[in-house]
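Counting from 1, one number per residue, gives the positions in the sequence shown under full-length UniProt numbering.
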Amino acid sequence: MNQQAVYPRQPLQHHLYSAPLPHVSNLAPHQRTIQSFFIPDNLREQLTQRNEAQLMTTPARDLGLPMEVHVYHSLYPLDTHGEKSSSFYGHPSSVYKATCSVDGRTYALVRIEGFRLVNELAMQVVEAWRRIRHCNIVSIREAFTTRAFGDSSLVFAYDYHPCSTTLYSTYFTAQGQAALYNSQLQQSNGGNPRLIPETTIWSYVTQLASALKAVHGSGLAARVIDPKKILITGKNRIRLSGASILDVLQYDGVLNVARQQQEDLLSFGKLVIALACNSLQSFTDIAQSFEHIARFYSPDLKNLILYLLSKPLPTKNIDEVIVTIGPRILHEINCSQFYNDELESELSRELENGRLVRLMAKMGFINERPEFDMDPGWSETGDRYLIKLFRDYVFHQVDENGRPVIDMVHVLTCLNKLDAGVEEKIMLMSRDEQSCLIVSYKEIKNCIASAFNDLTSGRK
Ligand SMILES: Nc1ncnc2c1ncn2[C@@H]1O[C@H](COP(=O)(O)OP(=O)(O)OP(=O)(O)O)[C@@H](O)[C@H]1O
C-alpha cells in the first residue's frame, strides 16, 4: 500500500464564520440581516461538527490499531477515558469509529477484548436484533469474531452517530452538572437550576418506553438501561446502545426473556429516579428520593417511578407504562413535529442557497476561459461576453467614489431573478464604459445555458 503523506486537519473556526448581528433597531422595515438568509449559527455549527467528527482519522499504526478489521478500516477510538478499557459488559471493551469498505459508511465498532465465543448459536440473537429498526435504538449491523487485534475479540458493528454523548456524561459527571447548572441559570425559568427540567425527563421517558416497546414486542430484552449506555445523539434525542451484547456474552441456551424484561422495567425506574434526583445514588435512599421528587416534580412522575420499581408481576409490562404516560407521549409528538417543521423550513432555505451555489459554479466554469475551443475570443464575444458583464454587474459594482459595493442582498436578488429567468431588464455596462446593453434576466439565463452546453458538449 502507498505510504501517503499525512497532513493534520485544521479545525474549523466556528466563531469566525459570521459576524455578530447588527443592532436590530438600526434596520429599516424592508431590510433583513444577512443571518436571516442562512441556516442559524448553532445548527450549522452542530452539523459541521458532526461532519468533522465523521471524517476525523489518524493513521492506524500511530494508534497501535490494526489497519483492517473484517471489512472495516480507518479505526479511530471513541472511548472517552483514553487507555483504560471499560468493563461494563463484564469483559474489557473498547469502542472505535470505522469505515466499512463494502458501503463506504461509518460505523461504531464495540470490541469485547479477549473473548472466546464457545457457542456459535449465541450469534443468532444478533439476527433478531438486526430486524429492529427504531429511532431510539442504535441499530446493529453485524457481529463477528476477529484476531486482527492480536487476541480473540468479539466485535459488534453499530450505526455511528457523530458527536453523541451518554446520559452519564451529560448529567452524572462534575462537568455535566456544571453545564446543566449554567444552562438552567441562563434560561432562568424559576426552577431549581441543579435539576433536569421535568419536560426533558418526560421526553426521555417517552423515548425509552417507545424503544422498550419495540424490543419487548420482538420477544427480546434490552438489558442495558444504564446511563452509560444510553446515547444522546441530538437535541433531546436518546438511543439505547449496546443491543444484543449481553445476550451474546451471557448466552447459556436458556430463555429468560420474561425475567429480563421485568429487569428492564426495574432499571428503567432506577434511571428515572436518578435523573429526577440528578444522582446515581438516589436509589439507595428511596424515601428521601421520593420526598425530593414530590417537592420538585409532578405526582405523575412519582407514580410512574413507583410503578416501575414495584414487584415484578406478569401484569407489569411496558404496555401499562405506555398507557400511563399517554398524555406525555402526545406532548412529545407535538414537540417533535414542531422541531420537524423548524428543520424543514431551514432545509427549504438552504435548498435555495444550494441552487444559487450551483448557478455560481456554472458561471465560474464559463467566465475567464479565454482559449476554449481554440478560440482566444471565446469569453470575450457573443453570449459569453454578456455573461461576463453580468458577473461584473452582480459582483464588481463600485459606488460613485470608486469603492467596491459589497451588498449580499444585491447578489442574492440578482441570482434568484436569474435562476427564475424573469423578464425584468437590466443595463449592463462594459468596464471602459464605452458600450452598454439592455437585457432581461431571461436572456442571460439562456446565454448561460448555451455557453455551459458548449463546455459540456465534448468539443475541445
Ligand atoms: N454508535 C455510536 N455512535 C457514536 N458514538 C458512540 C456510539 N457508541 C458509543 N459511542 C461513543 O463512544 C464513547 C465510549 O463508549 P463506551 O461504551 O466505552 O462508554 P464510556 O462513556 O467510555 O463508559 P464506560 O467505558 O465507563 O462504560 C461514548 O461516550 C459514546 O460517545
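C-beta atoms are modelled at their ideal positions from N, C-alpha and C, and glycine is treated no differently.
In this text the structure is predicted, and so the values were computed from the model without any measurement.
Close-in-space but distant-in-sequence residues of the same chain around residue i (CB under 8 Å, 5 per side omitted)
i: residue 185; result: 193
i: residue 423; result: 440, 441, 442
i: residue 339; result: 235
Separation of residue j from residue i, as counted between CA atoms
i: residue 149; j: residue 76; result: 13 Å
i: residue 67; j: residue 87; result: 24 Å
i: residue 348; j: residue 355; result: 11 Å
i: residue 322; j: residue 409; result: 51 Å
i: residue 26; j: residue 264; result: 57 Å
i: residue 337; j: residue 412; result: 31 Å
i: residue 455; j: residue 392; result: 21 Å
i: residue 344; j: residue 434; result: 48 Å
i: residue 106; j: residue 214; result: 25 Å
i: residue 218; j: residue 128; result: 8 Å
i: residue 453; j: residue 364; result: 14 Å
i: residue 449; j: residue 387; result: 11 Å
Residue of the options minimising C-alpha distance to residue i
i: residue 352; options: 37, 308, 307; result: 37
i: residue 247; options: 349, 315, 154; result: 154
i: residue 147; options: 141, 132, 117; result: 117
i: residue 421; options: 439, 93, 404, 299; result: 439
i: residue 204; options: 449, 137, 317; result: 137
i: residue 102; options: 110, 69, 125, 85; result: 69
i: residue 461; options: 403, 367, 219, 119; result: Summary: the structure shown does not reach residue 461, with the chain confined to residues 1 through 460, and so no result is reported for it.
i: residue 328; options: 316, 341, 304, 339; result: 304
i: residue 262; options: 276, 220, 210, 130; result: 220
i: residue 91; options: 250, 450, 222, 290; result: 250
i: residue 330; options: 245, 453, 252, 199; result: 199
Boundaries of the beta strand (DSSP E) in which residue i is found, first to last residue
i: residue 142; result: 140–146
i: residue 156; result: 153–159
i: residue 56; result: Element bounds for residue 56: n/a, residue is neither H nor E.
i: residue 230; result: 230–234
i: residue 97; result: 93–100
i: residue 227; result: Residue 227 -> no beta strand (DSSP E), and no H or E assigned at all.
i: residue 77; result: 72–77
Own chain residues within Cβ distance below 6 Å of residue i, not counting five before or after
i: residue 431; result: none
i: residue 429; result: 436
i: residue 241; result: 138, 229, 231
i: residue 277; result: 289, 292
i: residue 463; result: Because the chain spans 1 through 460 in this model, residue 463 falls outside it and cannot be assessed.
i: residue 509; result: In the structure as shown, the chain begins at 1 and stops at 460. Residue 509 is therefore absent and cannot be evaluated.
For residue j and residue i, believed in contact at Cβ under 8 Å, the rounded distance
i: residue 132; j: residue 346; result: With a Cβ gap of about 30 Å, residue 132 and residue 346 do not count as contacting.
i: residue 97; j: residue 160; result: 6 Å
i: residue 100; j: residue 126; result: About 16 Å separates the two Cβ atoms, so there is no contact after all.
i: residue 143; j: residue 123; result: 6 Å
i: residue 268; j: residue 225; result: 5 Å
i: residue 243; j: residue 112; result: 14 Å between Cβ atoms; not a contact.
i: residue 325; j: residue 209; result: 6 Å
Endpoints, the alpha helix (DSSP H) within which residue i is located
i: residue 242; result: Here residue 242 belongs to no alpha helix (DSSP H), and DSSP marks it neither H nor E.
i: residue 420; result: 408–420
Minimum Cβ-Cβ distance from residue i to chain D less than 8 Å
i: residue 106; result: The chain inventory of the structure shown lacks chain D, comprising one protein chain alone.
Contacting residues, own chain, Cβ-Cβ under 7 Å from residue i (five flanking each side not counted)
i: residue 170; result: 176, 232
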